[in-house]
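Notes to accompany the following structure.
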Amino acid sequence: MSACRLVVWAVMAVVPVDELARDRVDLCELNHFYNEHGQLAFDQLIFYDWCPVAGRFQVRAWRMVKSPWQSPQRDWHRDGWWVLWIDGDRLRVVHADAFRETWTQYDPEIEDRRLHDPTQRRKLR
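Read in order, the letters of the sequence shown are residues 10 to 134 in my numbering.
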């Protein structure tokens, strides 16, 4: 068992969690956003679904990374990726078909808002 999984199980034993929320997305992005001075401002997870009409990935949801154990892990059995974290009062696991890690000086989620109305996003459960 990996160290990340051990940490998650330890947290689950201490923090009351109402239920496990499971979601599936087409793409999970770990984005490292740097400010105009080249300093890391924040890390975020951005979850996308492919839109065949628009011909591009569209943001479904995003979350700030608050701990290193929130990093996506390779799922060799399902040929994809997963990320697990406590999201409010529930434990959430998101499986993704693909993963990418980016380092930017712009926020990809904000850029997506210009192309796709955030109120029209399909939310995580």
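From the three backbone atoms N, C-alpha and C, an ideal C-beta is built for every residue, glycine too.
query, result
"Alpha-carbon spacing of Ala107 relative to Tyr57, whole angstroms", "10 Å"
"Euclidean distance between Cα positions of Leu93 and Ser76", "11 Å"
"Sequence-distant residues of the same chain with beta carbon closer than 8 Å to Pro81, five excluded per side", "Cys37, Leu39, Leu54, Trp90, Trp91, Val92, Ala105 and Phe108"
"Cα-Cα separation, Arg122 to His86", "34 Å"
"Cβ neighbour criterion (16 or more within 10 Å) applied to Glu118", "buried"
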